[in-house]
Structure formats: C-alpha cells, structure tokens
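Residue numbers (this note's numbering): 7 to 342.
Worksheet: one structure, shown below.
Set out below in structure tokens:
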C-alpha cells in the first residue's frame, strides 16, 4: 500500500451529499470504481449521485442495471446540470486527475466551494491539485478499482454486494483480464477475494467480450483490413473514418479494442488507432509492449494515461492526424 488513506476518512465523514464523476468516454475501470464507491458511501449513510461528462458505451451498460449513472446536463429540465452537481458537500473524482477530461463538469469543480477529492492511478497532473483538490494517487496501482478496494480495507469500510461485480470488472479490464504487466500477486489475491464475495468471472467475461453487436464486429474487421505497418515493423496502426462507420453501421465506441488488435502483429513494439469522431475530432488510442512510453506521446497531443496504454483527442482531418501521430511514434521508436 503506497497511499495514506487515513486523511480521507474525515473528509468522507464530514459530507452528507456526495457526487461522483470520472473522465469522458468512461471505461469499465471508471464506471466500476464509481459504482463501487457509491455503494460504499451509501453504506456510510451518504446521499450519492454519479454524474459523468459523457455516456457509457452500450457494451458496458450492464454494469449499471439500475441506470444510476447520469450524464451531465441531460436530466429532465437540466436536473443533472451545474446547479445539481454544485449542490453537494463532496465532489469525488475517480480514474483521472486531468481537468480537461472532465468535460463540462469541470466548470462546476472549478468554482464550487465543496470539498474535492481525487482517486487516480494515472501519471500526475496538476490540473485538479491547482484548484485545491485532495489527491490520492498511486501510479503503480493496476486500476482505480483496486484503489477503491484498498481504500475500503484501509478505512475499515465493508464492501457491499453492489460493489463486487463493478470492482472485478474494473480490475479485470484494466489488467487485460490479468495478462498485462501491471498484474501483481496482490491483484490475483484481490480478484480471489471478490470471487469469494460473489463475483462471477465467467458471466462477466461473456457480457464484456462475447455479446458484441454485428456492427461492432464488422467495424473491427474493417479496422483490421486497413491496418498498416511502419517503422521497420515496430509500429502497427489503423484508421477508422466516416466511410467505415457508414459501411458497417458501427459507431465510434465500437472501435474500442482495435489498438490492442494492432499490437498483436508479431514484431511490433507499439500501436495506435485513429478514429474520426462525429464532431470532426480524431480520437487516438496508443498501446505499447513496454519499451515505448506512450503516455509521453499522448502528452504531446494533450492526452495522457499509462506507459503502455494512453490516449488523446486532436483535430482532424483523419489522414493528417494519423500521419502526424505516425511521425511522432517513428521518432519515439528511433526509426530511420
């Protein structure tokens, strides 16, 4: 344990109303951590809301069967807008400490007088610390979900039943189902503990990876067909644009996983996928086998993440964005 969680307890005890949020385009770690934290805090008697800057992808909706995760500003009559979010004693941000990643929610956190807390395992960002947030960070942690479980144990807080599956999903997905290098003996011990408490890995894996839409699979196939190799075989990448979405019926969230597919090519050291968004922006997903620090590359484009998995969002057009990113990778990989 590298985080001193004891200073967090009085902050939690002093709050009656807590709002949780995470980064835009939330993944299973973000969603699972939020849902688990909500369950833990409600056991403490807190009134808890979850408001994110953007909706969860359809393939992760099963993690929130009761639909308690709201999208900022989309409630009836603006019920989840600025006034709603501001009307809380404690604002708790999980799985990011980057101010821009909070989207429109960031405006509230910038001006609110409420206590602000961050729980994150990504590389340091001064964005939220600069506005007075209490930051609990462990860049060596495999997942924000693992930090939530560690926090509960350190503060002697029980893990409610509603927290178990979300936590397992958070940890399993951020470790690549326990195959990435961030998997530690303690990771597997925590997974075993969650199984003993009721997590069902077989059912969870099926819902995560074996219930994909035909449109998503077709888009994945198109992304693989367009895959290219560069940098003497060290780099694999692909692009997905409006034409591919139109021909397959897929949507931008359906492109998740393509960067990992690129990294499967033998001999590669790094990979990326560039995906055109409806607003003309280009979403970048970076992957590395470990030798190339893609978090540093992502930072060049205003993004961030981990050494082996990072991302960013830049301006289009798609072809120009992909060429710019390829050049940056070739420089990082010392290609001729």
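Backbone N, C-alpha and C define an ideal beta-carbon position, used for all residues, glycine too.
query                                                                                                                : result
Residue 228 - DSSP class collapsed to helix/strand/coil                                                              : helix
Residue of 151, 298 and 23 minimising C-alpha distance to residue 277                                                : 298
Per-residue DSSP class, three states only, for residue 50                                                            : coil
Same chain only: Cβ atoms within 8 Å of residue 321, ignoring 5 sequence neighbours per side                         : 286, 287, 288 and 327
First through last residue of the beta strand (DSSP E) which encompasses residue 26                                  : 23–27
C-alpha gap between residue 140 and residue 60, whole angstroms                                                      : 24 Å
contact_flag[the segment 41–61, the segment 71–80] where n(CB pairs < 8 Å) is 3 or more                              : yes
Run of the beta strand (DSSP E) containing residue 126, from where it starts to where it stops                       : 121–126
Own chain partners of residue 194 with C-beta closer than 8 Å, once the 5 adjacent residues on each side are dropped : 184
Whether residue 244 touches residue 279 by CB criterion (7 Å)                                                        : yes
Exposure label - residue 211; buried when at least 16 CB within 10 Å                                                 : exposed
Pair within 7 Å by beta-carbon distance, residue 5 and residue 38                                                    : Limits of the chain in this structure are 7 at one end and 342 at the other, which puts residue 5 out of reach.
DSSP-derived helix/strand/coil call for residue 294                                                                  : strand
Helix, strand or coil at residue 243 according to DSSP, with G and I counted as helix                                : strand
Segment contact, 8 Å Cβ cut-off, at least three pairs: the segment 244–254 with the segment 197–216                  : no
Local Cβ density within 10 Å of residue 315, reported as buried at 16 or more and exposed below that                 : buried
Per-residue DSSP class, three states only, for residue 373                                                           : Residue 373 is absent from the structure shown; the chain starts at 7 and stops at 342.
Through-space distance from residue 291 to residue 48, alpha-carbon basis                                            : 35 Å
Three-state class that DSSP yields for residue 83 in the structure shown                                             : With a pLDDT of 48 at residue 83, under the threshold of 50, the modelled position of this residue cannot be trusted; read the value that follows with caution. DSSP places residue 83 in helix when its eight states are reduced to three.
Beta-carbon proximity of residue 4 to residue 180, cut-off 7 Å                                                       : No answer is possible for residue 4: the residues shown for the chain start at 7 and end at 342.
Beta-carbon separation (whole angstroms), residue 45 vs residue 169, contact threshold 8 Å                           : 4 Å
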